[in-house]
Amino acid sequence: MPSTPMVRALVSLGVTGLVVAGLFVLIGPQYYNWIKALHVIAIISWMAGMLYLPRLFIYHCSAEKGSVQSETFKVMERRLLRAIINPAMIVSWVLGLWLAWSGGWVGAGWFHGKLAMALALSAVHGYLSASVRAFAEDRNTKPTRHWRIVNEIPTLLMIGIVVLVVVKPF
Ligand code: HEM
Numbered sequence: 004m005p006s007t008p009m010v011r012a013l014v015s016l017g018v019t020g021l022v023v024a025g026l027f028v029l030i031g032p033q034y035y036n037w038i039k040a041l042h043v044i045a046i047i048s049w050m051a052g053m054l055y056l057p058r059l060f061i062y063h064c065s066a067e068k069g070s071v072q073s074e075t076f077k078v079m080e081r082r083l084l085r086a087i088i089n090p091a092m093i094v095s096w097v098l099g100l101w102l103a104w105s106g107g108w109v110g111a112g113w114f115h116g117k118l119a120m121a122l123a124l125s126a127v128h129g130y131l132s133a134s135v136r137a138f139a140e141d142r143n144t145k146p147t148r149h150w151r152i153v154n155e156i157p158t159l160l161m162i163g164i165v166v167l168v169v170v171k172p173f
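My numbering applies: residue 4 is where the sequence shown begins, and numbers increase by one.
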């Protein structure tokens, strides 16, 4: 079966949907704080990767194409994306949606703001994922400065999200 990015994305979405449905049916509200702890652990892993990957791109830009250094960065970027960032994002979403449903937050103003920012973070995730492929195929044309700016976006979104969920200003 061909494994195009679209097929992989659809399979991930399907699996995520099934896991969310299973969680909603099987897990009772008494586990709320445990699920929240797991959500925060997954978020830390997701954010660690989202902050580190553009930093790897910055170093990768200055490595000559085809050099041992450049090939090493490719392996590091691919492993970071596949082993940490992708699974951590899926777990963060699944558990976050469960918390929203179980905690009755779906109608809350702060939750809508948080959801919008989490979607923006996921869009940055998609862009970084496509960029890992571009670097792997030596197709990156963006300068170091571009990756320095991209590096700041997850940081700003993270600050906004944490303030919204902890302070709940509206
Ligand atoms: C991916 C989609 C996400 C959804 C649907 C979601 C949803 C939620 C919900 C409903 C809660 C429970 C709030 C409460 O009990 O007061 C929560 C907790 C939390 N979330 Fe998320 N979240 C998501 C992503 C994120 C991201 C990206 C971050 C940080 C960058 C984050 C950080 C936190 C923190 C720190 C808490 C604990 C807050 C507290 O106990 O005061 N979440 N999340």
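Ideal Cβ positions, reconstructed from N, Cα and C, are used throughout, including at glycine.
Using the C-alpha atoms, what's the distance from residue 92 back to residue 126? The residue labelled residue 126 in the question sits at position 123 within the sequence shown. The residue labelled residue 92 in the question sits at position 89 within the sequence shown. Rounded to whole angstroms, the separation of the alpha carbons of residue 92 and residue 126 is 11 Å.
Please return the same chain residues whose Cβ sits closer than 7 Å to the Cβ of residue 22, not counting the five positions on each side in sequence. The residue labelled residue 22 in the question sits at position 19 within the sequence shown. Around residue 22: 97.
If distances are taken between C-alpha atoms only, which option among 35, 77 and 90 comes closest to residue 18? In the sequence shown, residue 18 corresponds to position 15, counting from 1. Of the candidates 35, 77 and 90, the one whose C-alpha sits nearest the C-alpha of residue 18 is 90.
Does the region 57-73 come close enough to the region 20-34 that 3 or more CB-CB pairs lie under 8 Å? Taking 8 Å as the limit for Cβ pairs, the verdict is that the region 57-73 does not touch the region 20-34.
Under 6 Å Cβ to Cβ from residue 88, same chain only, skipping five residues before and after it: list those, please. Mapped onto the sequence shown, residue 88 falls at position 85. 52, listed in sequence order.
Give me the Cα-Cα distance between residue 106 and residue 140, rounded to the nearest whole angstrom. As a working mapping, residue 106 is identified with position 103 in the sequence shown. As a working mapping, residue 140 is identified with position 137 in the sequence shown. Each residue's alpha carbon lies about 45 Å from the other.
Within 10 angstroms of its Cβ, does residue 99 collect 16 or more other Cβ (buried), or is it exposed? Residue mapping note: residue 99 aligns to position 96 of the sequence shown, counting from 1. The residue in question, residue 99, is buried, as its Cβ has 16 or more Cβ neighbours within 10 Å.
CA-to-CA distance, residue 116 to residue 124, given in whole angstroms: Position 121 of the sequence shown, counted from the first residue, corresponds to residue 124. Position 113 of the sequence shown, counted from the first residue, corresponds to residue 116. Distance between the alpha carbons of residue 124 and residue 116: 12 Å.
In this structure, how does DSSP classify residue 140 when only helix, strand and coil are distinguished? As a working note, residue 140 is residue 137 in the sequence shown. Residue state, collapsed to three classes: coil.
Does the beta-carbon of residue 170, which I'm using as the reference point, lie nearer than 6 Å to any heavy atom of ligand 1? Sequence index remark: in the sequence shown, residue 170 carries index 167 (1-based). It does not: the Cβ of residue 170 is nowhere closer than 6 Å to a heavy atom of ligand 1.
Check this for me: beta carbons of residue 161 and residue 79, under 7 Å apart or not? Looking up residue 161 in the sequence shown gives position 158. Looking up residue 79 in the sequence shown gives position 76. Not closer than 7 Å, so no.
Give the secondary structure of residue 146 by DSSP, where H, G and I count as helix, E and B as strand, and everything else as coil. What you label residue 146 is simply residue 143 of the sequence shown in a count that begins at 1. Note: residue 146 maps to coil in three-state DSSP.
Can you check which of these residues, 46, 102 and 94, is closest to residue 30 by C-alpha distance? Numbered from its first residue, the sequence shown carries residue 30 at position 27. Residue 30 has its Cα closest to that of 102, out of 46, 102 and 94.
What's the C-alpha gap between residue 76 and residue 138? What you label residue 76 is simply residue 73 of the sequence shown in a count that begins at 1. What you label residue 138 is simply residue 135 of the sequence shown in a count that begins at 1. Residue 76 and residue 138: Cα-Cα distance of roughly 9 Å.
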